[in-house]
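Counting in my numbering, the sequence shown runs from 2 upward without gaps.
Worksheet: one structure, shown below.
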Amino acid sequence: MRRGKGGGEPGTSKGGQGLLAQLRNPPGGRNARIMLLALAVDRTGSGLWAASSVLYLTFVTHLSAQQIGVLLGVAGVAGIAGSPLAGRLAGRFPVRPLLIGCHLLRLVTLVLVLVCGGFDALLPVVAVTYLGDRAAKTLEMLFATRTAGERRAAYQALSRSAANAGYAVGAGIAAIGLAVGTSDAYRALILGNALSFVVAAALVWRTEGPREATVEVAGPDGPAAGAGKQPPVRRANPWRDRGYLTFVLLDIPMNLDDSILNVGLPLWLVNRTSAPHALVPAFLIINTVMVVVLQISVSARAEGPRRATRAVLLYGAMVFVCCAFLAAATRGGTWVATAVLLAAALVVTLAELMRSVSSWELAVLLAPQDARAEYLGVAGMSQSIQKSAGPPLLTGAVMAAGPAGWLVLGAVVAGLSVLQRRACTRRLRTLAPPPAPKRATPAPVS
Numbered sequence: 002m003r004r005g006k007g008g009g010e011p012g013t014s015k016g017g018q019g020l021l022a023q024l025r026n027p028p029g030g031r032n033a034r035i036m037l038l039a040l041a042v043d044r045t046g047s048g049l050w051a052a053s054s055v056l057y058l059t060f061v062t063h064l065s066a067q068q069i070g071v072l073l074g075v076a077g078v079a080g081i082a083g084s085p086l087a088g089r090l091a092g093r094f095p096v097r098p099l100l101i102g103c104h105l106l107r108l109v110t111l112v113l114v115l116v117c118g119g120f121d122a123l124l125p126v127v128a129v130t131y132l133g134d135r136a137a138k139t140l141e142m143l144f145a146t147r148t149a150g151e152r153r154a155a156y157q158a159l160s161r162s163a164a165n166a167g168y169a170v171g172a173g174i175a176a177i178g179l180a181v182g183t184s185d186a187y188r189a190l191i192l193g194n195a196l197s198f199v200v201a202a203a204l205v206w207r208t209e210g211p212r213e214a215t216v217e218v219a220g221p222d223g224p225a226a227g228a229g230k231q232p233p234v235r236r237a238n239p240w241r242d243r244g245y246l247t248f249v250l251l252d253i254p255m256n257l258d259d260s261i262l263n264v265g266l267p268l269w270l271v272n273r274t275s276a277p278h279a280l281v282p283a284f285l286i287i288n289t290v291m292v293v294v295l296q297i298s299v300s301a302r303a304e305g306p307r308r309a310t311r312a313v314l315l316y317g318a319m320v321f322v323c324c325a326f327l328a329a330a331t332r333g334g335t336w337v338a339t340a341v342l343l344a345a346a347l348v349v350t351l352a353e354l355m356r357s358v359s360s361w362e363l364a365v366l367l368a369p370q371d372a373r374a375e376y377l378g379v380a381g382m383s384q385s386i387q388k389s390a391g392p393p394l395l396t397g398a399v400m401a402a403g404p405a406g407w408l409v410l411g412a413v414v415a416g417l418s419v420l421q422r423r424a425c426t427r428r429l430r431t432l433a434p435p436p437a438p439k440r441a442t443p444a445p446v447s
């Protein structure tokens with residue numbers, strides 16, 4: 002049976018299909034297939050930028066380490082505003098042209114990076130690049146929510162696999178340029194990231210815009226009464242919704258796996274254990290391979306409100322286990338430390354797999370349908386805030402306290418996961434429609 006362009010069959014199960022088969026026929030049909038390709042291309046460029054940006058700023062633009070730190074820190078703060086801004090705009094304009102605009106905005110800013118030579122000129126340019134990056138990620142999530150419908154968790158799993166595969170390809174290409182090590186090689190890598198935005202924008206342009214949510218208001222004499230004269234519907238405001246803001250606030254520590262993997266593990270290995278430094282790349286290899294291979298099967302176990310809230314508890318438990326491994330890595334010799342740190346990388350990746358689906362699924366389920374774009378824009382701030390606050394928290398407090406700091410962090414995250422689950426369960430009950438009244442059974446006529 003052929004699928005339509007707009008979406009797949011909601012009830013179709015694809016758990017038995019392989020990754021490639023599901024990528025060829027994802028939830029959302031043709032639109033989703035093109036978007037997954039665009040996402041993979043975009044993340045390939047992101048891999049080029051992540052691997053080369055610091056070296057480019059150091060050896061080509063000749064910024065000091067302190068200037069680079071300030072530059073990337075300010076850019077990270079600017080990125081926080083990208084999610085709510087994208088959500089607000091998506092509540093008023095179609096997602097598809099907004100996403101194309103984000104890709105083109107980042108194209109312009111990266112071209113400016115190539116021609117700007119000083120700190121003062123680069124600061125606003127890189128900040129706008131990061132703002133556009135976070136806005137694009139939020140718009141991709143909105144596009145998927147409207148295209149994949151009830152099978153958004155399955156689409157999210159495919160997007161994670163495609164994104165990680167693209168990121169790995171970008172990092173591999175960057176390794177070739179970094180091996181060359183010339184200024185022209187660094188510029189070529191930045192230009193490659195810029196070109197990825199051109200291709201991604203062209204692919205998004207080929208899609209058909211997802212159906213926008215509409216709200217119908219019936220007048221006192223039915224839907225047709227007073228057509229064109231009805232007062233505008235007042236949309237829910239996420240900034241005044243305490244229940245949703247509580248979810249977003251608690252979701253910030255539910256994203257700490259990112260900082261633990263990329264900052265905590267490498268620095269802890271180098272500074273506090275006897276494990277070989279060559280082990281650091283293995284952490285990212287484990288993470289990338291596991292996400293590509295396992296994301297779909299893990300997502301199937303976190304789909305729907307009950308499973309998503311249970312995944313929050315599993316996330317807290319896995320982060321605690323990971324932190325316990327890190328605390329234990331300081332005891333024992335080289336082989337013990339190596340084995341324990343590899344186990345920590347494996348467990349934190351499992352936590353990431355759970356979080357990547359449950360966090361997005363709950364962000365959608367907890368939002369009113371008539372204002373979902375604005376709500377998801379606010380929810381997207383959690384990741385951005387964690388990326389800015391997580392590394393200083395780990396380096397300035399957790400690691401400074403030694404093994405006990407990791408145990409405290411794990412216990413706090415596990416405790417907050419319990420609070421998050423309770424808060425989400427309570428809100429889901431309030432959002433659930435009331436049960437339909439039972440029809441009275443007529444008495445038998447004697």
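Glycine included, each C-beta is placed from N, C-alpha and C at the ideal position.
Computed from a predicted structure; not experimentally measured.
Helix, strand or coil at I287 according to DSSP, with G and I counted as helix: Indexing the sequence shown from 1 puts residue 287 at position 286. Taken through DSSP and simplified to helix, strand or coil, I287 comes out as helix.
I need the boundaries of the alpha helix (DSSP H) containing I81, first residue and last residue. Looking up residue 81 in the sequence shown gives position 80. Residue range 66–91 is occupied by the alpha helix (DSSP H) that includes I81.
Closest residue to V313 among L351, D134, G46 (Cα-Cα distance): Position 312 of the sequence shown, counted from the start, is the residue given in the question as residue 313. Closest by C-alpha distance to V313, out of L351, D134, G46, is L351.
For T146, name the three-state secondary structure that DSSP assigns. Walking along the sequence shown from the start, residue 146 turns up at place 145. The answer is helix: DSSP assigns T146 an H, G or I state.
Cα-Cα separation, L106 to S298: Reading the sequence shown from its first residue, position 105 is the one you call residue 106. Reading the sequence shown from its first residue, position 297 is the one you call residue 298. Going from the Cα of L106 to the Cα of S298 covers about 35 Å.
Residue of G80, G83, L124 minimising C-alpha distance to I69: Looking up residue 69 in the sequence shown gives position 68. Checking every option, the nearest Cα to that of I69 belongs to L124.
Whose C-beta lies closer than 8 Å to the C-beta of V126 among residues of the same chain, with five residues either side of it excluded? Mapped onto the sequence shown, residue 126 falls at position 125. If you ignore the 5 residues before and after V126, its C-beta comes within less than 8 Å of the C-beta of T110, L113, V114, C117, all in its own chain and listed in chain order.
Quick one: give me the first and last residue of the alpha helix (DSSP H) that N1 is part of. This structure cannot settle anything about residue 1, because the visible part of the chain is limited to 2 through 447.
Cβ neighbour criterion (16 or more within 10 Å) applied to R25: Within the sequence shown, residue 25 is the residue found at index 24, counting from 1. Answer is exposed; the Cβ neighbour count stays below 16.
Is the separation between the beta-carbon of V320 and that of V414 shorter than 9 Å? Position 319 of the sequence shown, counted from the start, is the residue given in the question as residue 320. Position 413 of the sequence shown, counted from the start, is the residue given in the question as residue 414. Yes, the pair counts as a contact, with Cβ atoms nearer than the cut-off.
Rounding to the nearest angstrom, what Cα-Cα distance links R4 and G30 in this structure? To locate residue 4, count along the sequence shown from 1; it is residue 3. To locate residue 30, count along the sequence shown from 1; it is residue 29. Any reading at R4 must be qualified, since the residue scores a pLDDT of 38, below 50, and its modelled position is unreliable; no value is offered.
Limits of the unbroken alpha helix (DSSP H) element including F94: The residue you call residue 94 lines up with position 93 of the sequence shown. Unbroken run through F94: none, as it is neither H nor E.
For a quick check, are the C-beta atoms of A39 and G83 less than 9 Å apart? By one-based count along the sequence shown, residue 39 stands at place 38. By one-based count along the sequence shown, residue 83 stands at place 82. Contact flag unset, no.
Can you tell me which of the three DSSP states E151 falls into? Here residue 151 refers to the residue found at position 150 of the sequence shown. In the structure shown, E151 sits in a helix (DSSP, three-state: H, G or I).
Buried or exposed: which applies to S65, given that a residue is buried once 16 or more other Cβ atoms fall within 10 Å of its Cβ? Locating residue 65 in the sequence shown gives position 64, where the first residue counts as 1. The Cβ neighbour count for S65, taken over all protein chains shown within 10 Å, is under 16; the residue is labelled exposed.
Beta-carbon separation (whole angstroms), L37 vs A163, contact threshold 8 Å: Position 36 of the sequence shown holds residue 37. Position 162 of the sequence shown holds residue 163. Yes, they are in contact, since the Cβ atoms of L37 and A163 sit about 5 Å apart, within 8 Å.
Taking the continuous alpha helix (DSSP H) assigned at T247, which residues delimit it? Within the sequence shown, the letter at position 246 stands for residue 247. Per DSSP, the unbroken alpha helix (DSSP H) holding T247 starts and ends at 243–252.
Quick one: is S184 buried, meaning 16 or more other Cβ sit within 10 Å of its Cβ, or exposed? One-based indexing of the sequence shown puts residue 184 at position 183. When all chains shown are included, S184 counts as exposed.
Collapsed DSSP secondary structure at H63 in the structure displayed: Taking the sequence shown and counting its residues from 1, the one referred to as residue 63 is at position 62. Note: H63 maps to coil in three-state DSSP.
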